[in-house]
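Everything on this sheet refers to the single structure shown next.
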Amino acid sequence: MALLVSNQVKNEELLSKRSRVNRNPDFLSKNYLKIGLNKYDSITNSQGYINLGIAENRLCEDIWIKKITEISRSPNFVSPDLLYYYQFHGTPELTETMSRFIETRFGSIEQIQQDKLVFMDGVAAILNGLAMTLADPGDVFLCPTPVFTRIRNYFLDVGGVDIYPVPMFDVSSSDDPFRMRIDILESYLQKAKKDGLNVRGLLLINPNNPTGKVYTSTELQQIMIFCKRESLHVIFDEIYALSTQGQGGFNSVLSMDILDPKRTHFVWGLSKDLGLSGFRCGVVYSQDIEIVNRLKQVALFQAVPSPTQKLINGILSDSAWIDSVYFPAYYNKAKAMHTLVKEVLDELNIPTPCSGSNAIFIWMDLSKFLKEPSKEEEIKLFNRFMEAGLFIIPGMEMFSQFPGWFRLTYTLPEQEIREGLRRFRKVLMQGRNLSD
Ligand SMILES: Cc1ncc(COP(=O)(O)O)c(C=O)c1O
276 MALLVSNQVK NEELLSKRSR VNRNPDFLSK NYLKIGLNKY DSITNSQGYI NLGIAENRLC
336 EDIWIKKITE ISRSPNFVSP DLLYYYQFHG TPELTETMSR FIETRFGSIE QIQQDKLVFM
396 DGVAAILNGL AMTLADPGDV FLCPTPVFTR IRNYFLDVGG VDIYPVPMFD VSSSDDPFRM
456 RIDILESYLQ KAKKDGLNVR GLLLINPNNP TGKVYTSTEL QQIMIFCKRE SLHVIFDEIY
516 ALSTQGQGGF NSVLSMDILD PKRTHFVWGL SKDLGLSGFR CGVVYSQDIE IVNRLKQVAL
576 FQAVPSPTQK LINGILSDSA WIDSVYFPAY YNKAKAMHTL VKEVLDELNI PTPCSGSNAI
636 FIWMDLSKFL KEPSKEEEIK LFNRFMEAGL FIIPGMEMFS QFPGWFRLTY TLPEQEIREG
696 LRRFRKVLMQ GRNLSD
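So this is what it looks like as structure tokens:
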């Protein structure tokens, strides 16, 4: 006991106040290690964990291996410049290529100003950089919920900036349970102020993680009007934008009249739409040069390595390949996996309010499989999935107001999806205490 106390005192002394703000690893990190040590493999570890929890797109491995091999073996790829310092916030070649890519793919109504693009090693790093650049420790960003767990860590762990959850999930709504409600934003802004918090902005994920909700242009415009009126920054994280599979309906903020350009920030990355989460690459487009310059300073510490930038440039500059090979293959496979999952969910009468394949996961209501609607029961169900070797994410870890919701990723190889669904169904059938 004496040893424990002295250790505690020591830890307080060892850590800065800033690094003590959030000492708890997030839900995903806590489970990731466990799952990683016992990963499913149909041949070598058939009892291992199937990970339908992490939002990863692993549908086009073979296509990527071929493309990356081809680029890295091309005559000029390995050159001495890869050995030395470079423009950390984006090489001129990649910056030029990315601006064209964004203009084309996001329907940008204005030409992208290349000096206002900043690259960092992942959207996580970009959000962390934005938090540090736009807000002070203790400040908050409004954030409609449910929302992906780790978003909070991106803001808080280094920047000391928290998100202020704004519950925007109306289960009783039959048309759109995730409709943007400016009146709710307004009341939470006032509530935060009453709590003595300095609200610096709003973070919107579009398409949303975990719900898959795609915001209409009217909703986006309402957000911009609200943020401009309240002098709030607004970050549009569009990391899933190109996974809407050419279905239409998705509107990038860049395709709209931006009402307060100095406070509006567009974010995208390669992890989801291209399935290259290991490349660690995110990009932010902001129009205020002072903010951009600060972000470039941050990028010094979180740069995408130069060989990776060169590889990405090789990929993104080959628009013909992206249009004729990558996207058609990705969309076909994603649609097939979505159908496979949706069929099982429909058969089990599991509600999926945004059931279109708008992102790479499905948000579903498993509340009828709980003994009672509580967080404890939700975790019990989660644990039963884990015991069956299946990892999916419980909604209350994603700030859901209602227990029993889960997020399941479907952009994995078919064999893993099938095995995952088999385990999923087995768990639900075993604990069947259903009214339907
Ligand atoms: C909405 C959202 N933003 C950012 C990230 C982090 O992406 P990256 O791999 O680029 O750091 C994720 C990852 O799941 C995400 O879902």
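Heads up, the sequence shown is in our numbering, so the first residue is 276 and it goes up one at a time.
We put the beta carbon where it would ideally sit given N, CA and C, even for glycine.
Which of helix, strand or coil DSSP assigns to residue i
i    : result
R697 : helix
S291 : coil
K547 : coil
N613 : With the sequence shown as reference, residue 613 is identified as His, and Asn is not the correct amino acid for it. Three-state DSSP puts H613 in a helix.
L709 : Because L709 sits at a pLDDT of 47, beneath the cut-off of 50, its placement in the model cannot be relied upon, and the following sentence gives the value as read from the coordinates. In the structure shown, L709 sits in coil (DSSP, three-state: anything other than H, G, I, E or B).
F430 : helix
F644 : helix
Y225 : Since the first residue shown for the chain is 276 and the last is 711, residue 225 is missing from the structure and cannot be characterised.
Y360 : coil
N320 : strand
P421 : coil
G476 : strand
T684 : strand
K468 : helix
V398 : helix
N326 : strand
P367 : helix
K655 : helix
P536 : helix
D437 : strand
K314 : strand
I587 : helix
F525 : coil
V542 : strand
V296 : coil
D512 : strand
M276 : The predicted position of M276 is uncertain, since its pLDDT is 47 and thus under 50; no value can be drawn from it.
I457 : helix
L665 : strand
I637 : strand
P678 : coil
L570 : helix
L623 : coil
F381 : coil
Whole-number beta carbon distance between residue j and residue i, since they are thought to touch under 8 Å
i    : j    : result
L591 : F352 : So it is not a contact: roughly 15 Å between Cβ atoms.
N586 : I346 : It is worth fixing the name first, because residue 586 is Leu in this sequence and not Asn. So it is a contact: roughly 6 Å between Cβ atoms.
I329 : L303 : 7 Å
P421 : F660 : Not quite, the Cβ-Cβ distance comes to about 18 Å (not below 8 Å), so this is no contact.
L417 : L472 : With 8 Å as the limit, L417 and L472 do not qualify as a contact, their Cβ atoms being about 10 Å apart.
N633 : V441 : About 21 Å; that fails the 8 Å criterion.
V542 : I510 : 6 Å
V616 : L683 : 7 Å
G695 : L327 : 5 Å
G487 : I637 : 7 Å
D445 : P452 : 5 Å
Close Cβ partners of residue i (< 8 Å) along its chain, the five nearest in sequence each way excluded
i    : result
L709 : Caution applies to L709, whose pLDDT of 47 falls short of 50 and renders its modelled position unreliable; the value that the coordinates give is listed next. Taken in chain order, the residues that qualify are K643 and F644.
S383 : I377, S527, L529 and S530
R700 : V619 and L623
T408 : I566, R569, L570 and V573
Cut-off 6 Å between Cβ atoms - residues of its own chain near residue i, not counting five sequence neighbours on either side
i    : result
T583 : F554
N428 : D301
V702 : R659, F660 and A663
E494 : M455
A410 : V436 and R475
L507 : G476 and L477
F381 : S527 and L529
N313 : G323 and Y324
T539 : V509 and I533
T627 : L620, I637 and M639
D432 : N297
Neighbourhood of residue i by C-beta distance below 7 Å, restricted to the same chain and skipping five residues each side
i    : result
G435 : R293, V296, P412 and G413
M671 : K650, E653 and P678
K547 : A330, N332, I514, Y515, S518 and I635
R456 : M443
Q520 : Y606, A609, K610 and S632
S681 : It should be noted that the sequence gives Phe, not Ser, for residue 681. M639, L641, I667, I668, P669 and G670, listed in sequence order.
A400 : G557 and Q577
T424 : D301, F302, L303, E672 and M673
S317 : Q690
S374 : I387, Q389 and L392
Q656 : Note that residue 656 corresponds to Leu in the displayed sequence, not to Gln. Closer than 7 Å at Cβ, skipping near neighbours: L641, F644 and L645.
Proximity test, residue i beta-carbon vs ligand 2 heavy atom, cut-off 7 Å
i    : result
N484 : Summarising the ligand content, the structure contains ligand 1 and does not contain ligand 2.
Kindly confirm or deny that the stretch 392-406 and the stretch 552-569 touch, where touching means at least three C-beta pairs closer than 8 Å.
yes
Counting beta carbon pairs with one atom in the stretch 469-487 and one in the stretch 511-530, are three or more of them shorter than 8 Å?
yes
Within the chosen definition, does the stretch 610-620 reach the stretch 680-689 through at least 3 CB pairs nearer than 8 Å?
At 8 Å Cβ cutoff, the stretches touch.
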